[in-house]
Amino acid sequence: MAAALQAQRLFLTPSTSSSSSTFTARRPRRSAHCRAAVRAPNGLQTTNTTPADLSLNLNWIDAHLSPSSSPSQQQQHQDVGAAAAEKLRLVAEAAADRAEMHDIIGRQRDNWNHLLLHSTNSLTLAASAMAALAPTIGSTMPALKASAGVLLATAAVTMAAVNKIQPSQLAEEQRNATRLWRQLERHLRASLLAAGNITDADVQDAMDRVLALDAAYPLPLLPGMLEKFPKSVEPARWWPRRRTHHYQPKTTKRSKSFGRRAIAGNNGWTPELEEEMRGLLRVLRAKDEHQYLTVGKLVLTLNKGLAVAGPTLAATAAVASAFIGDAAATWASGAAVVCGAAAAAANTVEHGGQMGMVFELLRNCAGYYRKLQEDIEACLGEVDVERRENGEVFETKVALLLGRSSSELKQFRWMASASFKDEDIKDYAGKLF
Numbered sequence: 002m003a004a005a006l007q008a009q010r011l012f013l014t015p016s017t018s019s020s021s022s023t024f025t026a027r028r029p030r031r032s033a034h035c036r037a038a039v040r041a042p043n044g045l046q047t048t049n050t051t052p053a054d055l056s057l058n059l060n061w062i063d064a065h066l067s068p069s070s071s072p073s074q075q076q077q078h079q080d081v082g083a084a085a086a087e088k089l090r091l092v093a094e095a096a097a098d099r100a101e102m103h104d105i106i107g108r109q110r111d112n113w114n115h116l117l118l119h120s121t122n123s124l125t126l127a128a129s130a131m132a133a134l135a136p137t138i139g140s141t142m143p144a145l146k147a148s149a150g151v152l153l154a155t156a157a158v159t160m161a162a163v164n165k166i167q168p169s170q171l172a173e174e175q176r177n178a179t180r181l182w183r184q185l186e187r188h189l190r191a192s193l194l195a196a197g198n199i200t201d202a203d204v205q206d207a208m209d210r211v212l213a214l215d216a217a218y219p220l221p222l223l224p225g226m227l228e229k230f231p232k233s234v235e236p237a238r239w240w241p242r243r244r245t246h247h248y249q250p251k252t253t254k255r256s257k258s259f260g261r262r263a264i265a266g267n268n269g270w271t272p273e274l275e276e277e278m279r280g281l282l283r284v285l286r287a288k289d290e291h292q293y294l295t296v297g298k299l300v301l302t303l304n305k306g307l308a309v310a311g312p313t314l315a316a317t318a319a320v321a322s323a324f325i326g327d328a329a330a331t332w333a334s335g336a337a338v339v340c341g342a343a344a345a346a347a348n349t350v351e352h353g354g355q356m357g358m359v360f361e362l363l364r365n366c367a368g369y370y371r372k373l374q375e376d377i378e379a380c381l382g383e384v385d386v387e388r389r390e391n392g393e394v395f396e397t398k399v400a401l402l403l404g405r406s407s408s409e410l411k412q413f414r415w416m417a418s419a420s421f422k423d424e425d426i427k428d429y430a431g432k433l434f
């Protein structure tokens with residue numbers, strides 16, 4: 002104790018005092034933290050210790066003077082951050098431009114769907130009327146027969162081309178792409194306005210999202226168009242594949258730091274919230290995504306049948322119209338009329354009902370739930386809860402994406418149990434659509 006008091010008196014002695022002072026320290030020009038260490042001889046017992054018996058070590062600590070944070074290095078870090086921010090701004094500008102392009106092309110392809118539908122049906126019905134009138138008009142029968150054949154052949158070729166590209170599906174792709182590009186632009190603008198520093202990792206993540214969106218919703222029609230009649234129905238994917246560890250639902254390992262501090266919360270995460278997310282993940286996979294994929298397969302099968310039936314019926318009517326007027330082919334006129342009317346009906350159901358758009362909508366809905374599943378898996382797959390997104394914020398985000406309140410998500414907690422079977426799940430996780 003005496004050594005500490007003596008050291009304090011020595012330390013507080015001003016540098017302008019008499020030369021009898023044992024230690025005089027020159028204070029740096031900048032204000033800085035000071036670290037002092039006192040070393041006393043072994044066996045010091047009395048208070049009659051002289052200053053000469055003590056040794057005082059004084060070190061000035063200044064973060065600004067540290068070799069690891071020199072002014073040149075600070076300037077270099079600032080330059081790197083400014084360059085990264087400029088790159089992110091360029092990505093945001095590209096996203097805004099992509100959104101505008103997809104919006105324009107989407108409206109154009111929606112016009113294609115309406116114009117081609119009405120023009121093809123007009124050709125087919127006009128040709129059918131000519132085929133019906135041709136046998137009753139003797140002098141002009143060859144002209145009517147030829148006109149009906151040409152119109153029906155044109156309608157068959159037009160139907161085949163339109164069924165191949167599915168304009169209503171193309172329009173839905175562009176509408177969804179426009180929404181996602183604008184969403185990405187808003188996210189990047191918010192990142193630029195945030196107080197945090199922009200890093201190269203942020204730029205790379207933004208670039209990955211841009212490339213994933215370009216691949217999911219291509220602008221070109223031919224080549225590069227998405228397959229309109231795929232062999233298998235898969236959810237649409239417009240986000241990059243994650244580089245983190247995959248979530249393993251069968252593991253029984255608890256997240257790190259869920260011990261004594263679990264009561265106070267760990268970055269908003271609790272064991273109950275984890276169970277809630279596991280149950281929700283199970284319901285999303287077993288019910289919501291599965292439902293949209295199942296209905297999507299039915300719509301795709303129906304669309305395939307209509308896409309084949311329309312051109313086939315129109316071509317059959319064109320062939321039948323060539324035999325109109327032949328005494329041995331009295332059936333020709335009736336066949337041309339019936340097949341032409343049936344072709345117009347099939348075309349109306351397919352494109353008037355926008356079967357391609359419905360199929361693409363179902364794919365996008367399945368992709369919506371697939372992305373939500375991967376977001377939950379990424380959070381639960383991170384063992385250290387301090388590195389996750391805040392639990393309460395994440396719960397609110399998931400609830401909003403599902404069209405539910407945060408309190409409603411608690412009902413899925415008991416569905417995470419291994420004893421609970423998928424067949425027993427009756428309710429759907431999403432209420433939004």
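Numbers 2 to 434, taken from the numbering used here, label the letters of the sequence shown in order. Even glycine gets a Cβ: it sits at the ideal position worked out from N, Cα and C.
| Asked | Found |
| --- | --- |
| Short Cβ contact (8 Å threshold) for Met356 with Val284 | no |
| Assigned secondary structure, Asn391 (DSSP; H/G/I helix, E/B strand, else coil) | coil |
| Ordered list of alpha helix (DSSP H) runs contained in the region 163-211, each at least 4 residues | 168-194 |
| Distance, Phe324 Cα to Tyr293 Cα | 47 Å |
| Helix, strand or coil at Asp385 according to DSSP, with G and I counted as helix | strand |
| Cβ-Cβ distance between Val394 and Gly280 below 8 Å | no |
| Through-space distance from Ala287 to Phe413, alpha-carbon basis | 13 Å |
| Start-end ranges of the beta strand (DSSP E) lying completely within the region 75-113, minimum 3 residues | none |
| Straight-line Cα distance separating Val339 from Val399 | 54 Å |
| Buried versus exposed, by CB contacts within 10 Å (16 or more), Phe421 | exposed |
| Distance between beta carbons of Thr125 and Leu153, contact taken as under 8 Å | 7 Å |
| Member of Ala85, Trp182, Glu383 and Lys432 whose CA lies at the smallest distance from the CA of Gly197 | Ala85 |
| Closest residue to Asn365 among Met160, Leu194, Pro312 and Leu171 (Cα-Cα distance) | Leu171 |
| Per DSSP, cross-strand counterpart(s) of Asn267 | Trp270 |
| Candidates Tyr370, Ser192, Ala128 and Gly368, of which the one nearest Val92 by Cα | Ser192 |
| Helix, strand or coil at Met226 [DSSP, three-state] | coil |
| C-alpha distance - Arg261 paired with Ser418, whole-angstrom precision | In this predicted model, Arg261 has a pLDDT of only 39, less than 50, meaning its place in the structure is not dependable enough to derive any value. |
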